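Asker: This is the structure I have questions about; it appears just below.
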Amino acid sequence: MYLGDDDDDECDIQNMESCCYDNMSSSQAEQSFKGHCYKMLILDNEREIQKLLWRGFNANMKFEIDQVFEVLLEDLDSIHADDPDIYDSLSALQVAIKNGSERCVDLLLGNGAEINAEVISMALSKDGHSCRVVKLLAEYSVTKLKTEMITVINCGCVTCLKLFLQQGTFINRESEVNSLPLHAVVELPSLTYPAVAEMLKTFCEYGADVNKENEAGETALFPAAIISDTDCVKLLLKFGSSADKVNRSNQTALHQLFANRHCLMDCIEELILNMTNVNIVDDYGFTPLGHAIGYLYNFWEQEHYTYPMLCRINLVAMFQFLINHGLQADINQISYDIRSFCYRHTRRQYVKEIICLIINSFRNWQCPIEMEYICKESLEKDYQFYADIISLGLSPRSLQHQCRCSLRNHLVVRYASVVSDLQITSQIKNYLLLEDLCDFS
Ligand SMILES: [Zn+2]
């Protein structure tokens with residue numbers, strides 16, 4: 001809001017001074033003067049503030065909100081200080097910042113207004129902040145601006161982030177909330193902060209250490225994988241983050257990714273293709289594939305209740321990808337999981353297809369299931385499927401299956417790409433890449 005041109009305002013001031021102040025007690029006059037200063041700050045009336053400074057207005061004047069409010073209510077109904085309850089008093093600089101009065105901020109800084117942490121965090125509020133005001137503060141006080149990285153991150157503004165990074169310090173320092181800058185950026189809710197990937201890129205370009213660990217021994221790749229933010233995962237890997245890094249529980253980011261209910265295929269691919277060991281066993285005895293099966297299990301159990309339905313092909317394609325990139329799991333653990341699947345009735349075709357894929361990832365998987373434990377409904381519907389898997393392990397698997405397993409165990413992560421490049425018939429290629437999901441030959 002800008003109240004007219006200078007003539008009117010000058011008139012206002014003269015009226016206030018000559019008519020009002022004379023008949024007031026000194027404290028009333030002071031209040032009235034303050035109220036006027038407050039009003040001019042809100043209106044970003046630089047010329048009047050300059051005049052007021054000459055008349056004794058101090059750039060570090062404090063405004064007790066209640067008092068200013070009283071004056072303003074008499075005088076200027078339409079101007080309200082926002083949420084006066086939060087602040088008992090504001091400095092002139094804070095008033096100007098809060099109202100986006102850029103010209104007055106500049107003027108106050110030039111007249112010795114003090115910059116402190118509250119001033120900076122007010123300038124960096126997420127909503128309605130002015131990059132120009134932040135820049136002015138930076139120009140006037142380089143040293144004080146170095147202390148508040150987490151505030152800059154929460155502000156979500158790439159322009160201001162760059163401004164702070166140009167100061168050249170504390171990029172890898174732990175903040176006051178024990179969160180490393182990169183972790184803090186990745187953990188920002190992406191709906192409220194659409195520029196997360198851009199902020200992360202800015203950090204990386206300014207030389208942030210992408211392999212710096214937090215207390216759990218996790219790099220920023222871990223939270224990025226947990227929330228399946230593919231853009232962030234790609235960026236961190238591109239800037240040299242190690243996909244093989246394990247945390248204090250010996251888990252990789254890939255292990256943790258499956259803890260998320262919305263894990264995404266492109267994120268999984270990105271991690272796996274950058275790993276040298278995809279079968280690391282964590283302190284709980286699970287490889288990443290073990291966690292993926294846990295994910296499937298939770299998904300299947302709860303899809304009717306809380307989990308949004310993922311497309312069936314996604315899950316099947318996901319397991320196909322995992323197994324074709326050499327991922328393995330503990331055979332006893334897998335047998336236990338498959339038994340749990342079979343003992344309950346599942347109408348879901350994808351569950352059966354994934355069971356077939358997993359069974360085919362072992363040289364000789366011994367069936368732990370007996371016909372009498374499989375529920376009647378399942379047997380009626382899928383007798384052949386259960387008969388097939390129960391008969392497995394009674395005699396050795398075929399030579400071609402043994403070859404497929406040897407090849408996969410040998411090539412691990414390179415298996416899918418090597419097989420795709422081989423000069424062989426598409427029929428053999430499909431067999432090697434487990435395209436026929438229920439083929440137990
Ligand atoms: Zn900004």
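Here the UniProt record's numbering is used: the first residue of the sequence shown is 1, the next is one more, and so on.
We put the CB at the ideal spot given by N, CA and C, even for glycine.
Keep in mind that this is a model prediction, so the values were computed, not measured.
Hey, Cys356 and Phe239: beta-carbon distance below 9 Å or not?
Answerer: No.
Asker: I need the straight-line Cα distance from Leu327 to Ile115, nearest angstrom please.
Answerer: Looking at the two C-alpha atoms, the distance is approximately 56 Å.
Asker: Where does Glu372 land, buried or exposed, given buried means 16+ other C-beta within 10 angstroms?
Answerer: Exposed, because fewer than 16 other Cβ atoms sit within 10 Å of the Cβ of Glu372.
Asker: Check Lys245 in the structure and name its three-state DSSP category.
Answerer: Lys245: coil per DSSP, three-state reduction.
Asker: Specify the secondary structure class of Ser89 as computed by DSSP and reduced to three states.
Answerer: Reduced to three states, the DSSP call for Ser89 is strand.
Asker: Hey, could you find the ends of the alpha helix (DSSP H) Lys162 is sitting in?
Answerer: Segment 158–165, the alpha helix (DSSP H) holding Lys162.
Asker: Could you tell me if Gly167 is buried or exposed, where buried requires 16 or more neighbouring beta carbons within 10 angstroms of its beta carbon?
Answerer: The sequence shown places Gln at residue 167, not Gly. Under this definition Gln167 is an exposed residue.
Asker: Helix, strand or coil for Lys126 per DSSP?
Answerer: Coil, per DSSP.
Asker: Ile150 and Ser179: beta carbons closer than 9 Å?
Answerer: A contact, by the Cβ cut-off of 9 Å.
Asker: Could you tell me which of Asp127, Ala138, Pro181 sits nearest to Cys157, measuring between CA atoms?
Answerer: Nearest option by C-alpha distance: Asp127.
Asker: Is the beta carbon of Val185 sitting closer than 9 Å to the one on Leu163?
Answerer: No.
Asker: Indicate whether the contact test is met: 3 or more Cβ pairs, each with one atom in the segment 269–285 and one in the segment 397–406, closer than 8 Å.
Answerer: They do not touch, by the three-pair rule.
Asker: Could you name the residues that DSSP lists as bridge partners for Glu64?
Answerer: Answer is Ser89, bridged to Glu64.
Asker: Quick one: using the 10 Å Cβ neighbour count with 16 as the cut-off for buried, is Gly56 buried or exposed?
Answerer: When all chains shown are included, Gly56 counts as exposed.
Asker: Taking DSSP as the reference, what is the three-state secondary structure of Tyr206?
Answerer: Tyr206 falls in the coil class under three-state DSSP.
Asker: Return the CA-CA distance between Leu76 and Leu137, expressed in angstroms with no decimal places.
Answerer: With a pLDDT of 46 at Leu76, under the threshold of 50, the predicted position of this residue should be treated as unreliable, though the coordinate-derived value follows. If I take the Cα positions, the gap works out to 30 Å.
Asker: If we ignore side chains and look at the alpha-carbon of each, how far apart do Ala81 and Ala96 end up?
Answerer: Bear in mind that a pLDDT of 48 at Ala81, under 50, signals an unreliable position, so the number given afterwards is only what the model happens to contain. Near 11 Å, if we compare the C-alpha coordinates of Ala96 and Ala81.
Asker: Determine the DSSP secondary structure at Cys375, reduced to helix, strand or coil.
Answerer: DSSP places Cys375 in coil when its eight states are reduced to three.
Asker: Does the structure place the segment 372–389 close enough to the segment 407–422 that three or more beta carbon pairs sit under 8 Å?
Answerer: No: the two stretches stay apart, fewer than three of their Cβ pairs being nearer than 8 Å.
Asker: Between the alpha carbons of Ile323 and Cys438, how many angstroms are there, rounded?
Answerer: Each residue's alpha carbon lies about 15 Å from the other.
Asker: Roughly how many angstroms lie between the CA atoms of Glu139 and Leu108, to the nearest whole one?
Answerer: If I take the Cα positions, the gap works out to 13 Å.
Asker: Identify which residue in Glu198, Gly290, Gln256 has its Cα closest to the Cα of Pro223.
Answerer: Closest by alpha carbon: Gln256.
Asker: Tell me the DSSP secondary structure of Asp9 in three-state form.
Answerer: For Asp9, the predicted model reports a pLDDT of 46, less than 50, meaning its position is unreliable and no value from the coordinates is stated.
Asker: Have a look at Val316, Ala208, Ser335 and flag the residue whose alpha-carbon is nearest the alpha-carbon of Gly393.
Answerer: Per the Cα distances, Ser335.
Asker: Check this for me: beta carbons of Asp283 and Asn250, under 9 Å apart or not?
Answerer: Cβ distance < 9 Å, so Asp283 and Asn250 count as in contact.
Asker: Quick check on Pro181: buried or exposed, where buried means 16 or more other Cβ atoms within 10 Å of its Cβ?
Answerer: Buried, since its Cβ has 16 or more Cβ neighbours within 10 Å.
Asker: On the three-state DSSP scale, how would you describe Cys311?
Answerer: Reliability fails at Cys311, whose pLDDT of 46 lies under 50, so the model's placement of it is uncertain and the value that follows must be treated cautiously. The answer is coil: DSSP assigns Cys311 none of H, G, I, E or B.
Asker: Which of the three DSSP states is assigned to Arg55 in this structure?
Answerer: Coil, per DSSP.
Asker: Quick one: does the C-beta of Thr192 sit closer than 8 Å to a heavy atom of ligand 1?
Answerer: Thr192 Cβ: outside cutoff for every heavy atom of ligand 1.
Asker: Excluding five sequence neighbours on each side, which residues of the same chain lie with their C-beta closer than 6 Å to the C-beta of Ile338?
Answerer: So the qualifying residues of the chain are Ile355.
Asker: Confirm, please, whether the CB-CB distance from Arg404 to Leu422 is below 9 Å.
Answerer: Contact flag unset, no.
Asker: Taking Cβ to Cβ, would you say Cys104 is nearer than 9 Å to Ile65?
Answerer: Not a contact, by the Cβ cut-off of 9 Å.
Asker: Would you kindly work out how many angstroms separate the C-alpha atoms of Asn430 and Asp231, rounded to a whole number?
Answerer: One C-alpha to the other measures close to 32 Å.
Asker: Straight-line CA distance for Gln427 to Tyr295?
Answerer: Taking the straight line from one Cα to the other gives about 31 Å.
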